[in-house]
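Visitor:
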Amino acid sequence: MTLEFILFIIFGLIAAVSAILMITRANPVISALFLILNFASLAGLYLLLNAQFIAVVQVIVYAGAIMVLFLFVIMLLKPEKEKLFAMHPRVKTFAVLFAVLIFIQLVYIVLLSHSSFTSNPALSESVRAGTIEQIGRELYTNYVLPFEAAGFLLLAATIGALVLAKKKFD
Amino acid sequence: MIIPMEYYLILSAFLFIVGISGVLIRRNAIIVFMSVELMLNSANLTLVAFSSYMGNSIGQLFVFFVMTVAAAEAAVGLAIIIAMFRNKMTMNIDEINILKW
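Taken in order, these protein sequences are the chains called A and B. Counting in our numbering, the first sequence runs from 1 upward without gaps. Counting in our numbering, the second sequence runs from 1001 upward without gaps.
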């Protein structure tokens, strides 16, 4: 019962419980706050996996920028509280059953592949893979084309969001 | 005791199906978007777990790109919701059905 295992249990439980609470709240602001909690616990899990850069980027980009954008939109549009049982209950049970079926399939694939036996992590290699020097070296030498394409994608998204959300000219 | 990789993958699969059921059972467009972000985060967790357990940093590089795409998609999707709300005053995806037959 090492500290790593205890931290994994804590972060994993917080992530799972906050995800379930996120999809079942009627108030969208409370759902957004639970999703922020989920992202923070995922950042803790990334730190357990020696992914320092991704953990920090997760907090800055996801919990700090995307969720703030969501909260701004919720604040500006002021959605009314949704009636949680407006759908036919049989549709909801079918959807949950479908999701559980996919979960069983995924767990079966994961347990069938015995991935613990085929990959033995050397701790120094695992730590080195998460440092920003290693990620930066790969990003700027082997994968510079997707990097530039991501820049184009962000430009297109910015222009698209501006055009869609601005008021019309009179 | 080192944590077996299956634990991370099963947690990621659980977050993924919570995202799927969120998309299927909720009618508010913003909650649907947040469930899609949850699914993207579960894929990120899978990639980081594989990258850590193989000592290769390419998985985390891919997480970098997934986060970029998720941010761009969230911005454009929320702009679409704002434009739709300006026309129909609703955020219920059942009532946004002018493209239906």
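We put the beta carbon where it would ideally sit given N, CA and C, even for glycine.
Take Asn1044(B) and list the residues in its own chain whose beta-carbon comes closer than 8 Å to its own, dropping the five residues that flank it on each side.
Guide: Sequence index remark: in the second sequence, residue 1044(B) carries index 44 (1-based). Correct list, in chain order: Val1063, Val1066, Met1067.
Visitor: Going by Cα to Cα distance, which pick from Val1069(B), Ile1082(B), Arg1026(B), Ser1012(B) is closest to Lys249(A)?
Guide: Outside the shown range of chain A, which is 1 to 170, sits residue 249(A), and nothing can be said about it.
Visitor: Under a CB-based cut-off of 9 Å, is Leu1099(B) close to chain A?
Guide: Locating residue 1099(B) in the second sequence gives position 99, where the first residue counts as 1. Output row for Leu1099(B): interface = no.
Visitor: Determine the closest residue to Met1054(B) out of Ile54(A), Thr141(A), Leu49(A), Lys168(A), with distance taken between C-alpha atoms.
Guide: Mapped onto the second sequence, residue 1054(B) falls at position 54. It is Leu49(A).
Visitor: Looking at the structure shown, is Asn38(A) part of a helix, part of a strand, or coil, going by DSSP?
Guide: Taking the first residue of the first sequence as position 1, residue 38(A) is located at position 38. Of the three classes helix, strand and coil, the one that applies to Asn38(A) here is helix, per DSSP.
Visitor: Give me the chain B residues within the contact set of Leu42(A), using Cβ-Cβ distance strictly less than 7 Å, ordered along the chain.
Guide: In the first sequence, counting from the first residue as 1, residue 42(A) sits at position 42. By Cβ distance, chain B contributes Asn1041, Leu1045.
Visitor: Please check if any C-beta of chain A sits within less than 9 Å of the C-beta of Ile1081(B).
Guide: Taking the second sequence and counting its residues from 1, one reaches residue 1081(B) at position 81. Yes, because at least one Cβ of chain A sits closer than 9 Å to the Cβ of Ile1081(B).
Visitor: Using the Cα positions of Val139(A) and Leu1061(B), report the straight-line distance between them to the nearest angstrom.
Guide: Walking along the first sequence from the start, residue 139(A) turns up at place 139. Walking along the second sequence from the start, residue 1061(B) turns up at place 61. Reading off the sequence shown, one finds Leu at residue 139(A), where the question assumed Val. The alpha-carbon atoms of Leu139(A) and Leu1061(B) are separated by roughly 7 Å.
Visitor: Go through its chain and collect everything with a Cβ distance to Asn1041(B)'s Cβ below 6 Å, but skip five positions before and after it.
Guide: Locating residue 1041(B) in the second sequence gives position 41, counting from the first residue. The answer is none, since no qualifying residue turns up.
Visitor: Can you name the residues that DSSP bridges to Asn1092(B)?
Guide: Locating residue 1092(B) in the second sequence gives position 92, counting from the first residue. DSSP lists Asn1028(B) as partners of Asn1092(B).
Visitor: What distance in whole Å lies between the Cβ atoms of Ile1003(B) and Phe5(A), which are believed to be in contact at a cut-off of 8 Å?
Guide: The count along the first sequence starts at 1 and reaches residue 5(A) at position 5. The count along the second sequence starts at 1 and reaches residue 1003(B) at position 3. Yes, they are in contact, since the Cβ atoms of Phe5(A) and Ile1003(B) sit about 6 Å apart, within 8 Å.
Visitor: Exposed or buried, Ile159(A), counting other C-beta atoms within 10 Å across all chains shown (16 or more means buried)?
Guide: Position 159 of the first sequence, counting from 1, holds the residue named residue 159(A). Classification for Ile159(A): exposed.
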